[in-house]
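Enquirer: Mind looking over this structure? Questions follow.
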Amino acid sequence: MPRDPSTELIHHAYRPPAGFDAPQPAVYKASTVIFPDVASMRARDWRNKQGYTYGLHGTPTTFLLEERIAALEGGRQCLLVPSGLAAIALVNQALLAQGDEVLLPDNAYGPSRELARTELTRWGVTHRLYDPLDAPALAAMIGPRTKLVWLEAPGSVTMEFPDLAGLVEAARSRGVTTALDNTWGAGVAFGGFDLGIDIVMQALTKFPSGGGDVLMGSVTTRDQALHEHIKLTHMHLGLGVAANDAELVLRSLATVQLRYHAQDAAGRELASWLARRPEVRRVLHPALEGAPGHAHWRATCTAAAGLFSVMFDERYSGAQVDRFVDALRLFRIGYSWAGPMSLVVPYELAAMRPDAARSRDHLRGHLVRFSLGLEAVADLQADIEQALEAAFGGVVSPT
Ligand SMILES: Cc1ncc(COP(=O)(O)O)c(C=O)c1O
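If you want the working numbering, it's the 1-based position in the sequence shown plus 338.
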């Protein structure tokens with residue numbers, strides 16, 4: 339008996355020939371994964387990539403992106419999550435339980451500190467902040483309840499580059515797991531696993547996406563048991579990413595090295611120029627001589643992200659600095675970085691990190707963070723020059 343057309347369309351027998359190959363990977367979308375028989379369904383194994391169980395837990399598209407991110411980071415296994423912040427939360431949730439303590443650098447990504455202050459506290463997990471330039475101080479803080487040490491290189495916004503080797507040694511020698519937020523390094527500037535770090539997460543939202551149009555995070559490991567432990571939490575929480583987002587990151591990943599180095603060159607050129615401007619008290623860019631943690635950056639990295647902060651002199655008012663930011667035309671006001679458009683954000687350090695703003699000399703003044711896009715450096719410099727003139731007026735450039 340001929341089948342109803344609706345049935346026929348859903349169960350149509352045609353299969354395209356196997357063996358199609360192209361430089362671009364295919365995009366597979368599915369919630370249900372079909373098993374050929376009951377035995378295969380019962381034999382499914384979530385621990386490896388030999389097969390598929392359910393769309394949430396992996397498709398050829400997400401497996402491919404996981405493998406490529408693991409390769410970028412120099413790791414062996416990778417999990418994808420819907421944002422960089424979700425990657426931080428996943429690591430915390432997988433590794434911490436009531437009564438545990440987690441240590442965070444005092445310049446950690448703000449929402450990571452907020453997560454510790456709010457959710458982790460509610461679950462009975464305590465946290466303390468450490469000075470990332472002082473490895474012996476971290477060693478002295480580690481106690482029997484310390485289960486995880488977060489690392490970030492450099493710190494968000496204030497850009498101090500930590501003594502990564504010293505911090506990792508302090509944690510490892512005491513048997514404490516380390517997790518690195520490698521969003522700035524992107525797997526290009528340095529290898530987290532080469533330093534002995536256990537877990538490397540990244541906001542793929544930034545460099546691997548590069549388009550400013552995807553939110554995604556990754557958690558990469560080198561140890562199978564640690565990976566399986568985190569993967570179970572990943573499954574319990576129902577985390578996954580959309581195939582079209584994975585496709586966008588796969589497409590951009592081929593150019594991550596080129597974009598990273600282009601933005602690095604542009605960032606260093608503009609940062610060096612700004613450091614010579616009379617309105618500027620200090621430029622916080624880890625690759626610049628004299629920057630906080632510069633020696634650690636030199637010992638660890640072969641490149642730097644196109645991201646830096648500028649401390650405007652205290653003689654200017656906050657309103658004047660806001661006028662400078664408002665006067666910029668090519669640098670647009672907004673969070674995030676590593677996309678094609680240059681961005682700028684003025685930060686209120688006194689509210690964000692009151693202790694540091696009071697006590698650290700390099701943080702005196704008004705902080706504005708610049709992230710370089712892919713525009714021509716000469717145009718970006720001219721944009722900053724006209725905004726300096728509009729906001730601070732009459733100060734003559736020394737160059
Ligand atoms: C250092 C760092 N880590 C994590 C994140 C979080 O990434 P996402 O925006 O994808 O949540 C960001 C975002 O700005 C970041 O700068």
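Idealized CB from N, CA, C, for every residue including glycine.
1) Under three-state DSSP, which class holds V734?
2) Pull up the distance between the alpha-carbon of P736 and that of A695, whole angstroms please.
3) The beta strand (DSSP E) with Y685 in it runs from where to where?
4) Quick check: the Cα distance between A527 and R560, rounded to an integer number of angstroms?
5) Please identify the residue among S680, A728, M690, F730 whose C-alpha is closest to the C-alpha of S709.
6) Considering only C-alpha positions, which residue in the set T484, P492, P449 is nearest to L622?
7) Return the bridge partner residues of H704 from the DSSP annotation.
8) Grab the span of the beta strand (DSSP E) containing P443 for me, first residue to last.
9) Note the first and the last residue of the continuous beta strand (DSSP E) segment covering I537.
10) Looking at the secondary structure, which residues open and close the alpha helix (DSSP H) in which W611 lies?
11) Report the three-state DSSP secondary structure of I372 (helix, strand or coil).
12) Comparing C-alpha positions only, which one of S450, G393, L687, N445 sits nearest to V365?
13) On the DSSP bridge list, what partners appear for S556?
14) When you measure from the CB of W522 to every non-hydrogen atom of ligand 1, does any distance come out below 7 Å?
15) Output the distance between the C-alpha atoms of I426 and A633, rounded to the nearest integer angstrom.
16) For Q595 and N430, what's the separation of their Cα atoms in angstroms?
17) Give the DSSP bridge partners of S590, in chain order.
18) Using a 10 Å radius around the Cβ and a threshold of 16 neighbouring Cβ atoms, would you call Q388 buried or exposed?
19) I need the straight-line Cα distance from V734 to D551, nearest angstrom please.
20) Is it the case that the Cβ atoms of H572 and L417 are separated by a distance below 8 Å?
21) Pull up the CB-CB distance for P363 and T399, whole angstroms please, since I reckon it's below 8 Å.
22) Alpha carbon to alpha carbon, how far is D660 from A716? Give it in angstroms, no decimals.
23) Starting from the C-beta of R483, find all residues in its chain whose C-beta is less than 7 Å away, skip the five residues before and the five after it, and write them out in chain order.
24) Excluding the five sequence neighbours on either side, which residues of its own chain have a C-beta within less than 7 Å of the C-beta of G462, listed in chain order?
25) Using the Cα positions of R455 and G448, report the straight-line distance between them to the nearest angstrom.
26) Quick one: is M539 buried, meaning 16 or more other Cβ sit within 10 Å of its Cβ, or exposed?
Expert: According to the structure shown:
1) Residue mapping note: residue 734 aligns to position 396 of the sequence shown, counting from 1. With a pLDDT of only 46 at V734, under the threshold of 50, the placement of this residue in the model should not be trusted; the figure read from the coordinates follows. It is coil, neither helix nor strand.
2) Mapped onto the sequence shown, residue 736 falls at position 398. Mapped onto the sequence shown, residue 695 falls at position 357. Its pLDDT being 43, under 50, P736 is placed unreliably by the model, and nothing is read from it.
3) Within the sequence shown, residue 685 is the residue found at index 347, counting from 1. Counting along the chain, the beta strand (DSSP E) containing Y685 begins and ends at 681-685.
4) Counted from its first residue, the sequence shown places residue 527 at position 189. Counted from its first residue, the sequence shown places residue 560 at position 222. Using only the alpha carbons, I get a separation of about 19 Å.
5) The residue you call residue 709 lines up with position 371 of the sequence shown. Residue S680 is the option with its Cα nearest to S709.
6) Along the sequence shown, one-based indexing puts residue 622 at 284. Out of T484, P492, P449, P492 has the C-alpha closest to the C-alpha of L622.
7) If you number the sequence shown from 1, residue 704 lands on position 366. Beta-bridge pairing links H704 to F650.
8) Counted from its first residue, the sequence shown places residue 443 at position 105. That run of the beta strand (DSSP E) goes 439-443.
9) Here residue 537 is taken as the residue at index 199 of the sequence shown, counted from 1. Element bounds for I537: 537-541.
10) Residue mapping note: residue 611 aligns to position 273 of the sequence shown, counting from 1. That run of the alpha helix (DSSP H) goes 594-613.
11) Your numbering for residue 372 matches position 34 in the sequence shown. I372 falls in the coil class under three-state DSSP.
12) On the sequence shown, position 27 is the one that residue 365 refers to. Checked all of S450, G393, L687, N445; the closest Cα to V365 is G393.
13) Position 218 of the sequence shown, counted from the start, is the residue given in the question as residue 556. In the DSSP output, where bridge partners are listed per residue, S556 has L418, Q540.
14) By 1-based counting over the sequence shown, the position of residue 522 is 184. Yes, the Cβ of W522 comes within 7 Å of a heavy atom of ligand 1.
15) Counting from one through the sequence shown, the residue named residue 426 turns up at place 88. Counting from one through the sequence shown, the residue named residue 633 turns up at place 295. Rounded to whole angstroms, I426 to A633 spans 27 Å at the Cα level.
16) Working through the sequence shown from its first residue, we reach residue 595 at position 257. Working through the sequence shown from its first residue, we reach residue 430 at position 92. Here the alpha carbon of Q595 sits roughly 29 Å from the alpha carbon of N430.
17) Locating residue 590 in the sequence shown gives position 252, where the first residue counts as 1. Beta bridge pairing from DSSP links S590 with no other residue.
18) On the sequence shown, residue 388 is found 50 positions in, with the first residue counted as 1. Q388 should be labelled exposed.
19) Locating residue 734 in the sequence shown gives position 396, where the first residue counts as 1. Locating residue 551 in the sequence shown gives position 213, where the first residue counts as 1. Note on V734: pLDDT 46, under 50, position unreliable in the model; no value is reported.
20) In the sequence shown, the residue the question calls residue 572 occupies position 234. In the sequence shown, the residue the question calls residue 417 occupies position 79. Cβ atoms of H572 and L417: closer than 8 Å.
21) As a first step, residue 363 is located in the sequence shown; it is residue number 25 there, counting from the start. As a first step, residue 399 is located in the sequence shown; it is residue number 61 there, counting from the start. Yes, they are in contact, since the Cβ atoms of P363 and T399 sit about 6 Å apart, within 8 Å.
22) Residue mapping note: residue 716 aligns to position 378 of the sequence shown, counting from 1. Residue mapping note: residue 660 aligns to position 322 of the sequence shown, counting from 1. Between the C-alpha atoms of A716 and D660 there is a straight-line separation of about 23 Å.
23) Position 145 of the sequence shown holds residue 483. Taken in chain order, the residues that qualify are G437, D438, E439.
24) Position 124 of the sequence shown, counting from 1, holds the residue named residue 462. Listed in chain order, the non-local C-beta contacts of G462 below 7 Å within the same chain comprise Q436, G437, local neighbours out to five positions each way being set aside.
25) Numbered from its first residue, the sequence shown carries residue 455 at position 117. Numbered from its first residue, the sequence shown carries residue 448 at position 110. Per the coordinates, the alpha-carbon of R455 lies some 11 Å from the alpha-carbon of G448.
26) Position 201 of the sequence shown, counting from 1, holds the residue named residue 539. Taking all protein chains shown into account, M539 has 16 or more neighbouring C-beta atoms within 10 Å of its C-beta and is therefore buried.
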